[in-house]
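Report on the structure given below.
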Amino acid sequence: MRKPILLITGIFTVFFAVNTKYAGAQDALEWFREIQANGFVSSAYTYNFNRPSDSKNHIRIFDTDDNSFKPDVAELVFQKQTADPGSVGFRFDLNYGYSVPSVIHSAGMAQSNDFDLQQGYVSYNAPVGNGLQLDFGKFITHMGLEVIEGYDGWNYNYSRSILFGYAIPFTHTGIRASYNFNDVFSAMLMVVNGWDNVVDNNDSKTLCFHLGIAPWKEVSLSLNYVGGPEQDNNDRNWRHGVNAVLIIKPAERWELQLNGDYGNEEMGPGNGNVEWGGFEGVVRYALTDFLAVNLRGEYFDDGDGARTGTSQELWEMTLTPEITISEHLILRPEYRHDESSVGFFDDHGRAGKSQDTIALNAIFHF
Numbered sequence: 085m086r087k088p089i090l091l092i093t094g095i096f097t098v099f100f101a102v103n104t105k106y107a108g109a110q111d112a113l114e115w116f117r118e119i120q121a122n123g124f125v126s127s128a129y130t131y132n133f134n135r136p137s138d139s140k141n142h143i144r145i146f147d148t149d150d151n152s153f154k155p156d157v158a159e160l161v162f163q164k165q166t167a168d169p170g171s172v173g174f175r176f177d178l179n180y181g182y183s184v185p186s187v188i189h190s191a192g193m194a195q196s197n198d199f200d201l202q203q204g205y206v207s208y209n210a211p212v213g214n215g216l217q218l219d220f221g222k223f224i225t226h227m228g229l230e231v232i233e234g235y236d237g238w239n240y241n242y243s244r245s246i247l248f249g250y251a252i253p254f255t256h257t258g259i260r261a262s263y264n265f266n267d268v269f270s271a272m273l274m275v276v277n278g279w280d281n282v283v284d285n286n287d288s289k290t291l292c293f294h295l296g297i298a299p300w301k302e303v304s305l306s307l308n309y310v311g312g313p314e315q316d317n318n319d320r321n322w323r324h325g326v327n328a329v330l331i332i333k334p335a336e337r338w339e340l341q342l343n344g345d346y347g348n349e350e351m352g353p354g355n356g357n358v359e360w361g362g363f364e365g366v367v368r369y370a371l372t373d374f375l376a377v378n379l380r381g382e383y384f385d386d387g388d389g390a391r392t393g394t395s396q397e398l399w400e401m402t403l404t405p406e407i408t409i410s411e412h413l414i415l416r417p418e419y420r421h422d423e424s425s426v427g428f429f430d431d432h433g434r435a436g437k438s439q440d441t442i443a444l445n446a447i448f449h450f
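Per the working numbering, residue 85 is the first one in the sequence shown, and the count goes up by one each step.
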């Protein structure tokens with residue numbers, strides 16, 4: 085942990101030095117008072133009824149280990165928000181754990197299986213119209229329904245969807261411009277190194293776009309795109325991804341989330357044009373302020389084997405009760421069933437078409 089500590093110290097030192105020179109020590113002290121610190125911890129136990137011979141839960145993203153207790157991630161977030169036009173800020177999310185950091189780790193960063201700088205960027209709210217937000221650095225992707233999870237948001241299910249892990253990227257590094265036109269329309273444009281790359285693997289950049297539409301407070305629609313060459317030392321073969329997310333809250337205690345993904349790549353794995361896609365739906369019902377039930381279903385078509393390494397169709401169903409113990413503590417038991425069109429799973433050492441798991445997840449946040 086020596087390098088992360090030095091990194092934090094260095095960042096604060098730079099910001100303090102710059103602000104002291106610019107506006108004086110008193111102004112710099114006031115600037116530091118606006119820095120916000122938050123934390124998030126997620127730990128879980130997962131059991132696979134297939135009892136796989138390699139003790140791994142296939143097709144899973146973070147909950148990959150069978151019959152094991154594991155601290156998935158501990159996250160510290162430091163940020164200064166840029167609420168007003170003309171303001172300057174930053175954000176960086178430091179992750180440590182035995183699941184999340186190693187999976188989302190970006191190519192080009194210093195190798196560490198347990199540590200990851202999930203986000204790290206400098207922000208400027210340019211005084212243009214309502215305020216043009218400019219971010220420069222590394223940030224989580226705009227694609228998809230589900231998130232990596234942190235203090236400011238987590239998914240309704242503990243395990244991540246197949247689409248989250250295989251259809252879209254995790255993070256991007258580059259420059260991001262966001263603008264809220266009004267309460268209904270918002271847009272974002274990014275120029276980045278690519279999918280999960282801190283250091284670009286070719287001489288081309290990837291373009292990203294987001295359009296948000298919220299006609300009513302109970303309905304929101306997000307349309308997203310990412311496209312660019314992603315193969316090593318290749319600037320010709322493009323990978324495209326499109327995504328749509330619709331969230332509807334039809335009643336006080338009900339919520340419906342719908343997500344669709346499609347992607348293709350020129351001369352992908354197998355030296356041919358490949359494509360993949362799928363959709364998912366999540367239904368949430370809050371029985372009380374302390375107890376909710378979340379049900380997810382999804383389908384993923386990887387007929388070319390470009391994303392999972394096997395030509396197959398996959399679907400899964402996940403049931404996740406959510407128990408709020410206190411303001412900062414949440415428990416989530418979970419049952420999940422995965423199904424494949426081929427013998428993709430390890431079933432007691434033999435090829436099987438399905439797997440069933442149960443899990444118990446605890447979340448602490450502040």
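Even glycine gets a Cβ: it sits at the ideal position worked out from N, Cα and C. Since the model is a prediction, treat every value here as computed from it, not as a measurement.
Under the criterion of beta carbons closer than 8 Å, T404 and E418 qualify as touching, at roughly 5 Å.
Taking the C-beta atoms as reference points, N132 is found nearer than 7 Å to T441. Counting C-beta pairs closer than 8 Å gives three or more between the region 347 to 357 and the region 316 to 328, which meets the contact rule.
Within the region 170 to 226, complete beta strand (DSSP E) segments of at least 3 residues are found at 172 to 180, 199 to 210 and 216 to 224, given in chain order. Under the three-state reduction of DSSP output, E114 falls in the helix class. Taking C-beta atoms as the reference points, R420 and T402 count as a pair closer than 7 Å. Between the region 293 to 307 and the region 196 to 205 there are fewer than three C-beta pairs closer than 8 Å, too few to call the two in contact.
In this structure, the beta-carbon distance from S126 to V157 falls below 7 Å.
Per DSSP, reduced to three states, the secondary structure at Y240 is coil, with no helix or strand assignment. V426 is classed as exposed because its beta carbon has fewer than 16 other beta carbons within 10 Å across all chains shown.
Within its own chain, the residues whose Cβ lies closer than 7 Å to the Cβ of V367, once the five positions on either side in sequence are excluded, are L340 and L379, listed in chain order. Residue range I246 to Y250 is occupied by the alpha helix (DSSP H) that includes Y250.
Between the region 309 to 319 and the region 268 to 288, the count of Cβ pairs shorter than 8 Å is three or higher; the stretches touch.
Leaving aside the five residues that flank P353 on each side, the residues in its chain whose CB is nearer than 6 Å to its CB run, in chain order, A390.
Annotation: the region 356 to 403 contains the following complete segments of the beta strand (DSSP E) (minimum length 3 residues), in chain order: 356 to 370 and 375 to 386. E233 is not bridged by DSSP to any residue. Considering only Y240, P155 and R244, the residue with the shortest C-alpha distance to D422 is R244. For the pair of segments examined, the region 203 to 222 was found not to touch the region 328 to 340: the number of CB pairs separated by less than 8 Å stays below three.
Taking a C-beta distance under 7 Å as the contact criterion, M227 and I252 qualify as a contact pair.
Comparing alpha-carbon positions, the option among W279, R260 and Y242 lying closest to H294 turns out to be R260. Taking a cut-off of 8 Å for Cβ pairs, the region 158 to 178 and the region 111 to 120 touch, as three or more such pairs fall below it. Considering only C292, F269 and D280, the residue with the shortest C-alpha distance to L305 is F269. Across the set Y240, F429 and Q163, the C-alpha of Q163 shows the shortest separation from the C-alpha of Y205.
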